[in-house]
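First residue of the sequence shown: 0, per numbering that gives the first Met the number 0; consecutive thereafter.
Positions of the beta carbon are idealized from the N, C-alpha and C atoms, including for glycine.
For clarity, every value in this text was computed on a predicted model and none was experimentally measured.
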Amino acid sequence: MPPFLASRIIFYFTLTKSEGQQLPTKGKFKVRTRLKISSVEDLTLALAAGGGSINKFGDLELKIRKGLLSREYKTYIVEYGFIKGVKTAGAFFAVRLKENITPVLTVHFQPVKEDILLGQWICHDSNYRKMCKELLNILKSGLEKAKPPEIEAHKPSATHGFRVGYSYAHLLDGMAEVTLATALLKYPLINRMTYNVEVIKDLDEFLKMMTRKLSKGRYIITVTGKDWRFIIGLNTETLEYTPSFISWKTNERLLGEEALKRLQKINSSEEVQVLVFEVPSSN
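1. Using the Cα positions of N250 and P279, report the straight-line distance between them to the nearest angstrom.
2. Measuring CB atoms only, is the segment 228-236 touching the segment 207-219, in the sense that at least three cross pairs come out at less than 8 Å?
3. Given this structure, state the Cα-to-Cα distance separating T221 from T193, to the nearest angstrom.
4. When the distance is taken between beta carbons, is L188 closer than 8 Å to F276?
5. Specify, as a first and last residue, the run of the alpha helix (DSSP H) that F161 falls within.
6. Please list, in chain order, all residues of the same chain as K264 whose beta carbon is under 6 Å from its beta carbon, the five residues on each side excluded.
7. Which partner residues of T193 appear in the DSSP bridge assignment?
8. To the nearest angstrom, report how far apart V196 and R261 are at their CA atoms.
9. Nearest to R162 by CA position, among K129, L135, Y240, Y127, is which residue?
10. Quick one: residues in its chain with C-beta nearer than 6 Å to the C-beta of Q109, no 5 flanking neighbours on either side, listed in chain order?
11. Can you tell me the Cα-Cα spacing of L138 and L46, whole angstroms?
12. Does the separation of the CB atoms of G49 and K146 fall below 8 Å?
13. What are the boundary residues of the alpha helix (DSSP H) that L46 is part of?
14. For S214, name the three-state secondary structure that DSSP assigns.
15. In angstroms with no decimal places, state the Cα-to-Cα distance between E133 and S243.
16. Given this structure, state the Cα-to-Cα distance separating V273 from S140, to the nearest angstrom.
17. DSSP on Y127, reduced to helix/strand/coil?
18. Flag this pair as yes or no: are the beta carbons of L96 and C122 separated by less than 8 Å?
19. Is I82 near F91, with beta carbons less than 8 Å apart?
20. Looking at the structure shown, is L188 part of a helix, part of a strand, or coil, going by DSSP?
21. Using DSSP with H/G/I as helix, E/B as strand and the rest coil, what is A88?
22. How far does the beta strand (DSSP E) with L171 in it extend, from its first residue to its last?
23. Under a three-way DSSP split, which group does I362 fall into?
24. Roughly how many angstroms lie between the CA atoms of L135 and W120, to the nearest whole one?
25. Could you check what DSSP says for K139 in three-state terms: helix, strand or coil?
26. Can you tell me whether L262 is helix, strand or coil according to DSSP?
Written as structure tokens, this is what we have:
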């Protein structure tokens, strides 16, 4: 398991005060937003909409000015994740310095009205006050700007043999998140390939090729580009599939036929990583 993924999994359970850590600070904010934070995918959309720079590993790259009058900036790698509670949801942020992961900020979200969200935050170390401030600015701005997912009504599939349906939309929840932590925890990774987008665009042939490689069952196929991800929930027995598309650069999240149309706009020569996960029969 990659170190950055492992750290995300254990982070929330190890928010202990380290030696030399300064006292935490806390506060709250309210924003008007249409986005409901219910997964790390939603959190990523908000951060991207707020101007956050997310690298290919799924970490947030944060530039902090070295001094009040300095023109120089220091870049920090900030890991983040989604906290799911019984009544509330939240987000955590941690800065990675060499081999150390230091808790920086925790935010809990609570709906006040249909379009008003209350955020209660804790900056865990006052040494990172500037970083907390910058993270909160990005988050608040992104929550105001981010758009909720667009789900189009079902239309006939443009492919032959395979048909678009929404049966597997629930399996894709959280799968668009940049670290793929949800998939690695829940589903066995059975194949890893590299193709050009041109191969994926001919989706009918691509799905036929995948079906020949796989036994009968349900699978999730993720296609990851530079700043986007195309995800397919596929049943190789019924040939039904659910496609989705997310772009962290343009703040898009599409499902069904709209996702297929968006895929066709991607540069055909771009190289992408394809991962195939098997969905256990119990899911």
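This is what the structure gives:
1. Residue mapping note: residue 250 aligns to position 251 of the sequence shown, counting from 1. Residue mapping note: residue 279 aligns to position 280 of the sequence shown, counting from 1. If you take the alpha carbons of N250 and P279, they lie about 31 Å apart.
2. They touch, by the three-pair rule.
3. By one-based count along the sequence shown, residue 221 stands at place 222. By one-based count along the sequence shown, residue 193 stands at place 194. If you take the alpha carbons of T221 and T193, they lie about 11 Å apart.
4. Position 277 of the sequence shown, counted from the start, is the residue given in the question as residue 276. Position 189 of the sequence shown, counted from the start, is the residue given in the question as residue 188. Result yes, Cβ atoms of F276 and L188 sit closer than 8 Å.
5. One-based indexing of the sequence shown puts residue 161 at position 162. Taken as a continuous stretch (DSSP letters only), F161 belongs to no alpha helix (DSSP H), as it is neither H nor E.
6. Sequence index remark: in the sequence shown, residue 264 carries index 265 (1-based). Exclusion of the five residues before and after K264 leaves no residue of its chain whose Cβ lies closer than 6 Å to its Cβ.
7. Taking the sequence shown and counting its residues from 1, one reaches residue 193 at position 194. Answer is Q272, bridged to T193.
8. Numbered from 1 along the sequence shown, position 197 holds the residue referred to as residue 196. Numbered from 1 along the sequence shown, position 262 holds the residue referred to as residue 261. Spanning the alpha carbons of V196 and R261 requires a straight line of approximately 12 Å.
9. As a first step, residue 162 must be located in the sequence shown, where it is residue number 163. Distances from the CA of R162 to each of K129, L135, Y240, Y127 were compared; the closest alpha carbon is that of Y240.
10. On the sequence shown, residue 109 is found 110 positions in, with the first residue counted as 1. A distance below 6 Å between beta-carbons, with the five flanking residues on each side excluded, links Q109 to the following residues of its chain, in chain order: T87, L117.
11. Along the sequence shown, read from residue 1 onward, the residue named residue 138 stands at position 139. Along the sequence shown, read from residue 1 onward, the residue named residue 46 stands at position 47. Approximately 6 Å, taken between the alpha carbons.
12. Position 50 of the sequence shown, counted from the start, is the residue given in the question as residue 49. Position 147 of the sequence shown, counted from the start, is the residue given in the question as residue 146. Going by C-beta atoms, G49 is not nearer than 8 Å to K146.
13. Locating residue 46 in the sequence shown gives position 47, where the first residue counts as 1. 39-48 is the span of the alpha helix (DSSP H), which, as asked, contains L46.
14. Within the sequence shown, the letter at position 215 stands for residue 214. Three-state result, S214: coil.
15. Numbered from 1 along the sequence shown, position 134 holds the residue referred to as residue 133. Numbered from 1 along the sequence shown, position 244 holds the residue referred to as residue 243. Each residue's alpha carbon lies about 31 Å from the other.
16. Along the sequence shown, one-based indexing puts residue 273 at 274. Along the sequence shown, one-based indexing puts residue 140 at 141. The straight-line gap from Cα to Cα measures roughly 32 Å.
17. Sequence index remark: in the sequence shown, residue 127 carries index 128 (1-based). Y127 falls in the helix class under three-state DSSP.
18. For the purposes of this step, residue 96 is identified with residue 97 of the sequence shown, where counting begins at 1. For the purposes of this step, residue 122 is identified with residue 123 of the sequence shown, where counting begins at 1. No, these two residues do not count as a Cβ contact at 8 Å.
19. The residue you call residue 82 lines up with position 83 of the sequence shown. The residue you call residue 91 lines up with position 92 of the sequence shown. If you check the CB distance, I82 and F91 come in under 8 Å.
20. Here the question's residue 188 lines up with position 189 in the sequence shown. If DSSP states are grouped into helix, strand and coil, L188 belongs with the strands.
21. By 1-based counting over the sequence shown, the position of residue 88 is 89. Judged by DSSP in its simplified three-state form, A88 adopts strand.
22. If you number the sequence shown from 1, residue 171 lands on position 172. Per DSSP, L171 lies in no beta strand (DSSP E) segment and is marked neither H nor E.
23. Past the boundaries of the shown model lies residue 362; the chain is included only from 0 to 282, so the question cannot be answered.
24. For the purposes of this step, residue 135 is taken as the residue at position 136 of the sequence shown. For the purposes of this step, residue 120 is taken as the residue at position 121 of the sequence shown. Using only the alpha carbons, I get a separation of about 9 Å.
25. The residue labelled residue 139 in the question sits at position 140 within the sequence shown. Reduced to three states, the DSSP call for K139 is helix.
26. What you label residue 262 is simply residue 263 of the sequence shown in a count that begins at 1. Helix, per DSSP.
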